[in-house]
Structure formats: structure tokens, C-alpha cells
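Here's the structure, in C-alpha cells; my notes come after.
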Amino acid sequence: MKLVYIFDAYCGWSHGFSATLRQITARHPGLPVEVVSGGLFTGDRRRPVREFGYIQGANAAISDATGAEFGAGYQRRIADGSFVMDSEAAARGMAALRQAAPERAPELAAALQRAFFIDGHSLSDPATYHKIALSAGLDADAVVAAILAPGSRAAAEADFRRAARLGVSAFPTLVADDGDRVAAVARGHATADEVDQRLAALTR
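When we follow the numbering used here, the leftmost residue of the sequence shown carries the number 23, and every step to the right adds one.
So this is what it looks like as C-alpha cells:
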């Protein structure tokens, strides 16, 4: 069995799920976890944050439900409402990080979300990924080169297609795949205990 984590780097609920995913991977060190970018803010949803009036209220609900923090850097980044969340750019960056260390993809996804939701770094800026890669002990120049390479857009689009094939349109979603069937074990918010209970039910 493996887990497939479908998230969006600009999704606040995905940020809130990071702690649960960290607990799951710690409890099941031998269970592979793939990370797929879902593409929340693409096409005509790629607009300035001021056009998403629900964001601050949603962030408060996320904090209440998960304990996730939204840092001062993030608050400054979105303060004037002009920042544009571009999920394709974030998916390209995630693909480059995943290529550099596929077995560490859940950890790197969480680092990507901290970079935005805590520190307020743009996920459209290659410098953000350079910093994440350095902190993770990866070849930062190679990560940036992968982002800038023509194939990075194809990698992002492949992630979006895979999320669609899995029937996922809400993020985050965690699915278990045993080769014969795929079943969601978390949608939106779930605790590690709840995920464990659902995993156990699948193996009975």
C-alpha cells in the first residue's frame, strides 16, 4: 500500500493538514507517500487575493481546527490584496523539489507551505525554492534549474491530470492505494488517529 497526498501549496487547509501528515509519516515510516499538486488557483482563479474575500475568515477557521499558524510575513504579503496565488508556479516548484528528493516529498511540501503561510515568500519566485532546498540540504542550483526548465510546466500539468483521475477536486485529500483500489482516508481536516482508523479498516 502507498498513500497519495493531493494538496495545493496555496491552500490554507493543506497548510493545516501538514501536522497530521507529519504524524502519519512518523507512525508509518515504511509506508510510501507520494505528493501530487492539485492546482487550486489556475486559469481564471489565478486572481489577486482581494478577490477572495473569504480568506481571512477561512484562515481563522483553519487555525481553530488544526492549530496551524499564519505568520507575520504572510500577513504582510497579502495585506494590500494585490498578491496573485499561482498554483501552476507552485506545482512546478514542488515537482522540482520532489525530483531532488522523492522520498522526502511530504517534508518538502510542508516546507513549501511554511515558506508562504509563515514567512510570506512568493511560490512564483525561484529564490523561494533555492532557500527551501538549501535548508533541506539539497542541491539548490539544480532545483532552480529544474523549475526554469521547459519540462517543469509539463510536470505541473501531469500532477493536475493525476489529481483529476483520482477524482480529487478539494484539497487536501489523502488517499490509500493498494494496487486494487483507491480510497480516501482524509479530506480537508482529519487527525492522525482518524487516518489510522481508516487505514486499519481498509486492511481488515
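No residue lacks a Cβ here, since even glycine has one placed at the ideal position from N, Cα and C.
Report task. Compute the beta-carbon to beta-carbon distance between S36 and F193, rounded to the nearest angstrom, for a pair I have assumed lies under 8 angstroms. Result -> Against the sequence shown, residue 36 aligns to sequence position 14. Against the sequence shown, residue 193 aligns to sequence position 171. That pair is a contact at about 5 angstroms.
Query - In DSSP terms, what D199 is bridged to - result: The residue given as residue 199 occupies position 177 in the sequence shown. According to DSSP, D199 bridges with K24 and V204.
Query raised in the report: If you check the beta carbons only, do L196 and A186 fall under 9 angstroms apart?
Result: Your numbering for residue 196 matches position 174 in the sequence shown. Your numbering for residue 186 matches position 164 in the sequence shown. In this structure, A186 does not lie closer than 9 angstroms to L196 by Cβ.
Requested in this report: Could you tell me the distance, in whole angstroms, from the CA atom of A168 to the CA atom of R99?
Outcome: In the sequence shown, residue 168 corresponds to position 146, counting from 1. In the sequence shown, residue 99 corresponds to position 77, counting from 1. Their backbone Cα atoms lie some 26 angstroms apart in a straight line.
Requested in this report: Output the distance between the C-alpha atoms of S191 and G93, rounded to the nearest integer angstrom.
Outcome: Numbered from 1 along the sequence shown, position 169 holds the residue referred to as residue 191. Numbered from 1 along the sequence shown, position 71 holds the residue referred to as residue 93. Cα to Cα, S191 sits roughly 27 angstroms from G93.
Query - Reduced DSSP secondary structure (H/G/I, E/B, other) of R209 - result: In the sequence shown, the residue the question calls residue 209 occupies position 187. Here R209 sits in strand by DSSP.
Requested in this report: Classify M23 as buried or exposed, calling it buried when 16 or more other Cβ atoms lie within 10 Å of its own Cβ.
Outcome: If you number the sequence shown from 1, residue 23 lands on position 1. Exposed, because fewer than 16 other Cβ atoms sit within 10 Å of the Cβ of M23.
Query - DSSP state of V194 mapped onto helix, strand, coil - result: Along the sequence shown, read from residue 1 onward, the residue named residue 194 stands at position 172. According to the sequence provided, residue 194 is Pro. The question's Val does not apply to it. Of the three classes helix, strand and coil, the one that applies to P194 here is coil, per DSSP.
Requested in this report: Kindly indicate which three-state DSSP category S144 falls into: helix, strand or coil?
Outcome: Mapped onto the sequence shown, residue 144 falls at position 122. For S144, the three-state secondary structure derived from DSSP is coil.
Requested in this report: Go ahead and label E73 buried or exposed: buried means 16 or more other beta carbons lie within 10 angstroms of its beta carbon, across all protein chains shown.
Outcome: Translated into the one-based positions of the sequence shown, residue 73 becomes position 51. An exposed status is given to E73, since fewer than 16 other beta-carbon atoms sit within 10 Å of its beta-carbon.
Query raised in the report: Given that a residue counts as buried once 16 or more other Cβ atoms are within 10 Å of its Cβ, and exposed if not, what is A164?
Result: For this step, residue 164 is matched to residue 142 along the sequence shown. Answer is exposed; the Cβ neighbour count stays below 16.
Query - For D199, the nearest candidate out of Y151, L170 and P54 (CA to CA) - result: Counting from one through the sequence shown, the residue named residue 199 turns up at place 177. Just measuring C-alpha positions, the residue of Y151, L170 and P54 sitting nearest D199 is P54.
Query raised in the report: Tell me the DSSP bridge mates of F29?
Result: Position 7 of the sequence shown holds residue 29. Beta bridge pairing from DSSP links F29 with S59.
Report task. For G38, count neighbouring C-beta atoms within 10 Å of its own C-beta (all shown protein chains included) and say buried if the count is 16 or more, exposed if not. Result -> By one-based count along the sequence shown, residue 38 stands at place 16. Residue environment analysis places G38 among the buried positions, since at least 16 neighbouring C-beta atoms fall within 10 angstroms of its C-beta.
Query raised in the report: Taking C-alpha atoms, which residue in C33, L134 and A90 lies nearest to R67?
Result: Within the sequence shown, the letter at position 45 stands for residue 67. Per the Cα distances, C33.
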